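Peer 1: Residue numbers (the numbering used here): 6 to 144. The beta-carbon is built from N, C-alpha and C at its ideal position, and this holds for glycine as well. Quick caveat: nothing in here was measured; it's all calculated off a predicted structure.
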Amino acid sequence: MSKMPTRIFVIDDDTAVTDLLSVLLTSQGFDVWATNNSTDGLTHIREKLPDLVILDLMMPEMDGWEICRAVRTFSDVPIIVLSALNDPSMVASVLDAGADDYLTKPTPSRVLVAHINRLVNRKANGTATDPTLRPLPAS
Numbered sequence: 006m007s008k009m010p011t012r013i014f015v016i017d018d019d020t021a022v023t024d025l026l027s028v029l030l031t032s033q034g035f036d037v038w039a040t041n042n043s044t045d046g047l048t049h050i051r052e053k054l055p056d057l058v059i060l061d062l063m064m065p066e067m068d069g070w071e072i073c074r075a076v077r078t079f080s081d082v083p084i085i086v087l088s089a090l091n092d093p094s095m096v097a098s099v100l101d102a103g104a105d106d107y108l109t110k111p112t113p114s115r116v117l118v119a120h121i122n123r124l125v126n127r128k129a130n131g132t133a134t135d136p137t138l139r140p141l142p143a144s
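1. What would DSSP say about S3, mapped onto helix, strand or coil?
2. Along the chain, where does the alpha helix (DSSP H) that runs through L29 open and close?
3. Quickly, what does DSSP pair W38 with across the bridge? List them, please.
4. Which whole-angstrom value describes the C-beta separation of D61 and L87, a residue pair presumed to lie in contact below a C-beta threshold of 8 Å?
5. Buried or exposed: G34, going by 16 or more other Cβ atoms within 10 Å of its Cβ?
6. What is the DSSP secondary structure of L108, reduced to helix, strand or coil?
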């Protein structure tokens, strides 16, 4: 029995970014859906229940912070924020809003795929996103 491909949903208002990520990730064996409308993206996440979400921060309608907070009300799907913003306070605020990872654009494709695989594997294995969060050995 073959393993089902990882389902990734990409939300970015830039069509060039969603097209590029769709081609890149599909070539790596992922099943990719994408939208350039953040409101539609939230609806699709709720309906299609992807294995991972890649999300931009600065978008019309709903920004990435709003989407993260909304998704966390109904799902623990791993969320990677992929943004041109590289301000530490913004990174911290979106992680606090529920994102699992933050990468800045442009991110090398191998790095993005490695981050995707890490989050998907941790979710599949039921382990914490943060490897430092594990029980201390009994004394």
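Peer 2: Quick answer:
1. Within the shown structure, residues of the chain are numbered from 6 to 144, placing residue 3 beyond reach of any answer.
2. 20-32
3. F14
4. 6 Å
5. exposed
6. strand
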